[in-house]
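These notes concern the structure reproduced below.
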Amino acid sequence: MTDFAATIAFGLVRRLAAAGTGTPSLYLLISDAGAIRAIEADIAAEVQVQLGVGLRSLLAAEMGLDRLEEAFTPNPDRPVTLITLDRWLPKLVIALDRNVVSLTRGGAVLLLANQAVAERLLSAAPNLRNRLSDVLAIRPDEAFGGPMA
Amino acid sequence: MSAEEDLLHLARDRDSQMEAALGAMLIESPALLGRQLRQDLSRQIDSGRIKRTEDRVPQLATLEGGLNELKCPGADFVDGGRLLFDIQLERSQRGWLVKRFRFHLHLPPSRTIGMVRIHLNPGPLHDPIRIPRCHLHVGDSQAHIPFPIMHPRLVLSLICEHIEPDLGVSANHKRAGRKTRNKP
Chain W
0 MTDFAATIAF GLVRRLAAAG TGTPSLYLLI SDAGAIRAIE ADIAAEVQVQ LGVGLRSLLA
60 AEMGLDRLEE AFTPNPDRPV TLITLDRWLP KLVIALDRNV VSLTRGGAVL LLANQAVAER
120 LLSAAPNLRN RLSDVLAIRP DEAFGGPMA
Chain G
0 MSAEEDLLHL ARDRDSQMEA ALGAMLIESP ALLGRQLRQD LSRQIDSGRI KRTEDRVPQL
60 ATLEGGLNEL KCPGADFVDG GRLLFDIQLE RSQRGWLVKR FRFHLHLPPS RTIGMVRIHL
120 NPGPLHDPIR IPRCHLHVGD SQAHIPFPIM HPRLVLSLIC EHIEPDLGVS ANHKRAGRKT
180 RNKP
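Sequence order for the protein chains is W and G.
So in numbering that gives the first Met the number 0, spot 23 of the first sequence is number 22, and the numbers just go up one at a time.
So in numbering that gives the first Met the number 0, spot 69 of the second sequence is number 68, and the numbers just go up one at a time.
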């Protein structure tokens with residue numbers, strides 16, 4: 000897989016802040032599987048500190064197709080949505096791919112996955128792939144010890 | 000009561016008020032304060048006052064005895080100044096408390112004052128008349144000028160937006176058109 004630009008949650012959320020929280024954007028974030036929890040905590044903390052809003056955090060394995068509406072409904076209090084693709088869920092990915100416009104209409108959407116899931120997503124979801132603002136390799140924020148928020 | 004005892008009493012009163020202000024200034028967590036300070040530094044970078052620093056500044060470390068320390072080893076101002084700071088926090092039953100901080104601002108050679116240091120000592124000393132717990136040094140002076148207890152983010156903002164742009168700028172320099180920032 001291509002080497003993607005590396006970042007931490009701080010740099011990612013700086014980008015979102017510069018673009019404006021209401022701006023539709025879609026990022027694919029690739030991390031080591033073992034670092035995903037720390038990165039989720041980093042993103043939540045940075046969204047709160049830099050944007051002054053809460054993060055809407057959804058775990059793909061718990062989403063189910065019947066909860067997609069939740070992901071698609073804009074929430075002005077939580078304009079940044081993080082969807083953690085903790086394992087490969089083809090039906091969910093296809094549903095997200097078909098509804099990519101609805102998915103991003105409320106603001107920024109961050110898809111967080113390990114490398115294997117990200118590779119499958121990039122090949123199986125052409126609409127998502129075409130709408131991506133960027134693909135970034137994200138790592139825990141060493142300055143604050145990862146999960147400490 | 001002698002005049003000396005009277006002054007000592009007044010100085011202890013002042014330090015007691017500082018202690019109370021410190022006790023009331025609860026910090027949610029050292030990591031959150033670190034992220035907030037990093038964001039504050041980023042705003043200074045965005046506004047063109049500070050040069051770009053590393054994303055890992057300030058850095059959090061755990062010290063002996065459970066104290067947490069946020070350390071900024073150096074942030075460079077565009078006109079040649081340099082700021083270093085460290086903040087130590089101690090966990091209490093109610094939350095985290097600021098135990099000590101040191102902000103050292105080195106001003107560029109064109110200034111009439113070389114540096115400013117703002118210190119919060121880790122505890123009251125035996126001579127509160129001479130050394131208030133929170134104090135300011137101008138230049139390399141050993142005079143300890145009492146400084147109000149305030150949140151470290153506010154100290155950082157005060158330094159970046161008011162002290163660094165203005166302190167030690169000579170009248171000639173000002174007349175020559177150097178703009179001191181944030182004047183109403």
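All C-beta atoms, glycine included, are put in the ideal place defined by N, C-alpha and C.
Exercise. Could you name the residues of the region 25 to 51 of chain W whose beta carbon sits closer than 8 Å to any beta carbon of chain A, in the order they occur along the chain?
Key: Absent from the structure: chain A. Protein chains present are W and G.
Quiz item: Buried or exposed: residue 183/G, going by 16 or more other Cβ atoms within 10 Å of its Cβ?
Solution: In this prediction, residue 183/G scores a pLDDT of 47, lower than 50, which makes its location untrustworthy; no coordinate-derived value is stated.
Practice problem: Let me know if residue 167/G comes out buried or exposed under the rule of 16 or more other beta-carbons within 10 Å of its beta-carbon. | Solution: In summary, residue 167/G is buried, with 16 or more beta-carbon neighbours lying within 10 Å of its beta-carbon over all protein chains present.
Practice problem: May I have the straight-line CA-CA distance separating residue 128/G from residue 110/W, to the nearest angstrom? | Solution: So the alpha carbons of these two residues sit roughly 59 Å apart.
Self-check item: beta strand (DSSP E) segment containing residue 4/W, residue limits
Solution: Segment 4 to 6, the beta strand (DSSP E) holding residue 4/W.
Quiz prompt | Cβ neighbours of residue 93/G in the same chain (closer than 8 Å, five flanking residues each side left out) | solution = Correct list, in chain order: 25.
Quiz item: Around the C-beta of residue 66/W, are 16 or more other C-beta atoms found within 10 angstroms, so that it is buried, or is it exposed?
Solution: Exposed: under 16 other Cβ atoms inside 10 Å.
Quiz item: So with Cβ pairs under 9 Å, would you call residue 90/G a contact of chain W?
Solution: Chain W, which has no Cβ nearer than 9 Å to the Cβ of residue 90/G, makes this no.
Quiz item: Grouping DSSP H, G and I as helix and E and B as strand, with all else coil, what is residue 144/G?
Solution: Residue state, collapsed to three classes: strand.
Quiz item: Do we get a CB-CB distance below 9 Å when we pair residue 57/G with the residues of chain W?
Solution: True, the Cβ-Cβ gap to chain W drops below 9 Å.
Quiz item: Taking the Cβ atom as the reference point for each residue, do residue 57/W and residue 120/W lie within a distance shorter than 9 Å?
Solution: No. Outside cutoff.
Quiz item: Considering only C-alpha positions, which residue in the set 123/W, 137/W and 50/W is nearest to residue 106/W?
Solution: Nearest C-alpha to residue 106/W: 50/W.
Quiz item: Can you tell me where the beta strand (DSSP E) with residue 68/G in it begins and where it stops?
Solution: Where residue 68/G is concerned, the enclosing beta strand (DSSP E) stretches over 67 to 75.
Quiz prompt | Boundaries of the beta strand (DSSP E) in which residue 44/G is found, first to last residue | solution = Per DSSP, residue 44/G is not a residue of any beta strand (DSSP E); the alpha helix (DSSP H) it occupies stretches across 29 to 45.
Quiz item: the region 11 to 36 of chain G: which residues have C-beta closer than 7 Å to a C-beta of chain W, in chain order?
Solution: Answer in chain order: 28, 30, 31, 33, 34 and 35.
Exercise. My understanding is that residue 130/G touches residue 124/G, with C-beta atoms under 8 Å, so please give their C-beta distance in whole angstroms.
Key: The C-beta distance from residue 130/G to residue 124/G rounds to 5 Å, short enough to fall under 8 Å.
Quiz prompt | Min CB distance residue 3/W to chain G below 9 Å | solution = Look at residue 3/W: its C-beta is not under 9 Å from any C-beta on chain G.
Exercise. For residue 38/G, go through chain W and note every residue whose CB falls closer than 7 Å to its CB, in chain order.
Key: Below the 7 Å Cβ cutoff, chain W contributes 48 and 49 as neighbours of residue 38/G, in chain order.
Exercise. Would you tell me roughly how many angstroms separate the C-alpha atoms of residue 102/G and residue 136/G, rounded to the nearest one?
Key: Per the coordinates, the alpha-carbon of residue 102/G lies some 10 Å from the alpha-carbon of residue 136/G.
Quiz item: Counting Cβ pairs closer than 8 Å, one from the region 143 to 162 of chain G and one from the region 26 to 40 of chain G, do we hit at least three?
Solution: Contact between the region 143 to 162 of chain G and the region 26 to 40 of chain G is present, because at least three Cβ pairs lie under 8 Å.
Exercise. For residue 14/W, return the contacting residues in chain G, with the cut-off set at a CB-CB distance below 7 Å.
Key: Within 7 Å Cβ-Cβ: nothing; residue 14/W doesn't reach chain G, min ~12 Å.
Exercise. Quick one: which unbroken alpha helix (DSSP H) runs of 4-plus residues sit fully inside the region 64 to 121 of chain W? Chain order, please.
Key: Listed in chain order, they are 67 to 71, 89 to 97 and 99 to 103.
Practice problem: Give every residue of the same chain whose Cβ lies closer than 8 Å to the Cβ of residue 125/W, excluding the five residues on either side of it in the sequence, and list them in chain order. | Solution: Here the set comprises 96.
Exercise. Look up residue 124/W in the DSSP assignment and say whether it is helix, strand or coil.
Key: Annotated three-state conformation of residue 124/W is coil, per DSSP.
Quiz prompt | Between the CA atoms of residue 59/W and residue 13/G - distance to the nearest angstrom | solution = So the alpha carbons of these two residues sit roughly 57 Å apart.
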